[in-house]
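When the sequence shown is numbered by my numbering, its final residue is 300 and no position is left out of the sequence of numbers. No residue lacks a Cβ here, since even glycine has one placed at the ideal position from N, Cα and C. No experiment lies behind these values; they were computed from the predicted model shown.
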Amino acid sequence: MRRLAFHRESLCLCAKRTFMQSINIQTSKIILSIILVQGGILLFWFFTSDNFFASLGFSTLANVNFLAWCTAALVVTLYVWGAAGISTVREHMFKINRLKCLALVGAIASGFFEELVFRKLLMDYLQEQEFGNFIQVIVSGLAFGLAHLVWGGKALSAAINATFYTFFLGAGLALVYIISDRNLALCIVAHTIVTGLIEPGLIKSALLDKLGYFKERT
Numbered sequence: 083m084r085r086l087a088f089h090r091e092s093l094c095l096c097a098k099r100t101f102m103q104s105i106n107i108q109t110s111k112i113i114l115s116i117i118l119v120q121g122g123i124l125l126f127w128f129f130t131s132d133n134f135f136a137s138l139g140f141s142t143l144a145n146v147n148f149l150a151w152c153t154a155a156l157v158v159t160l161y162v163w164g165a166a167g168i169s170t171v172r173e174h175m176f177k178i179n180r181l182k183c184l185a186l187v188g189a190i191a192s193g194f195f196e197e198l199v200f201r202k203l204l205m206d207y208l209q210e211q212e213f214g215n216f217i218q219v220i221v222s223g224l225a226f227g228l229a230h231l232v233w234g235g236k237a238l239s240a241a242i243n244a245t246f247y248t249f250f251l252g253a254g255l256a257l258v259y260i261i262s263d264r265n266l267a268l269c270i271v272a273h274t275i276v277t278g279l280i281e282p283g284l285i286k287s288a289l290l291d292k293l294g295y296f297k298e299r300t
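Given below as structure tokens:
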């Protein structure tokens, strides 16, 4: 009986290990696809634009006002703190391995790409159309949230979770963009830090169907 119980336990552990390896592979594929797609578009913009990096505001980052830095720090802290309520995010937040390194590269790519799209291009367009700062922040947050709807996959609860929380992250970063006198570099830095800390844990949580409507599914 003991041998049978031990054999069953070994089979369960082997099955669990195989399942988690499959989840890690799926997570890697998702992150790699983000790097390839967003990174490819960024490279295209880099080679077809004049003064690409100068337009992002890195050369004037040191001149950004103190309030903008404080707001960015608050946005990062609150979002990461909220995401840390998910066990898989906590597990991988400071766990250095190949998957984490890949996630850090993905964080840089998405930090640049998504801030260019949802803050600079979208908000500057709205400003040109004479929409006020409040509308710019709300629209930027909504667009950012809806763009992350796909993270839910077939799970409605995960889709709502992703959209709800990324709306607030997007709106927070939009506020940073306004307060910093439209210095995109600060938004890129904040976005990259957030993504670098919460990934790959958040993607794995979605694949493991751990994301409930507004909290972790148990």
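Whole angstroms are fine: how far does the CA of residue j sit from the CA of residue i?
i, j, result
"Arg-299", "Leu-293", "5 Å"
"Thr-245", "Phe-226", "8 Å"
"Ile-280", "Gln-108", "17 Å"
"Gln-103", "Val-187", "21 Å"
"Ile-242", "Val-219", "20 Å"
"Asn-133", "Ala-267", "14 Å"
"Phe-296", "Ala-229", "18 Å"
"Ser-262", "Val-271", "13 Å"
"Lys-111", "Leu-181", "10 Å"
"Met-205", "Ile-178", "36 Å"
"Ser-131", "Lys-202", "15 Å"
"Thr-170", "Ser-287", "6 Å"
"Gly-254", "Ala-144", "20 Å"
"Phe-128", "Gln-211", "26 Å"
"Val-157", "Thr-274", "12 Å"
"Val-162", "Ala-154", "12 Å"
"Thr-100", "Ile-168", "22 Å"
"Val-56", "Leu-238", "Residue 56 cannot be examined here, being either before or after the span of the chain that is shown, 83 to 300."
Given residue i, which residues of its chain have a CB within under 7 Å of its CB, disregarding the five upstream and five downstream residues?
i, result
"Ile-217", "Leu-208"
"Ile-117", "Val-187, Gly-188, Ala-191"
"Gly-121", "Ala-191"
"Asn-106", "Leu-181"
"Phe-194", "Leu-124, Ile-270"
Taking the DSSP output, what are the residues bridged to residue i?
i, result
"Leu-293", "Glu-298"
Run through DSSP, which three-state label would residue i get?
i, result
"Val-258", "helix"
"His-174", "helix"
"Asp-263", "coil"
"Asn-243", "helix"
"Ser-141", "helix"
"Gln-120", "helix"
"Ala-253", "helix"
"Asn-133", "coil"
"Ala-237", "coil"
"Ile-270", "helix"
"Ile-168", "coil"
Can you name the start and end residues of the alpha helix (DSSP H) that residue i belongs to?
i, result
"Phe-195", "180 to 197"
"Ser-222", "215 to 229"
"Gly-164", "148 to 165"
"Ile-209", "The amino acid occupying residue 209 in the given sequence is Gln; Ile does not appear at that position. From DSSP, the alpha helix (DSSP H) with Gln-209 extends over 204 to 210."
Enumerate in chain order the residues of its own chain whose CB-to-CB distance from residue i is below 6 Å, with the five nearest sequence positions on each side excluded.
i, result
"Asn-265", "Gly-139, Val-146"
"Phe-213", "none"
"Thr-248", "Phe-226, Gly-227, His-230"
"Met-175", "Leu-279"
"Asn-215", "Ile-260"
"Ile-285", "Thr-109, Ile-112"
Could you name the residues of the same chain whose beta carbon sits closer than 8 Å to that of residue i, not counting the 5 residues immediately before and after it, in chain order?
i, result
"Gly-252", "Phe-200, Ser-222, Gly-223, Leu-224, Ala-225, Phe-226, Gly-227"
"Gly-164", "Tyr-247"
"Arg-172", "Ala-166, Gly-283"
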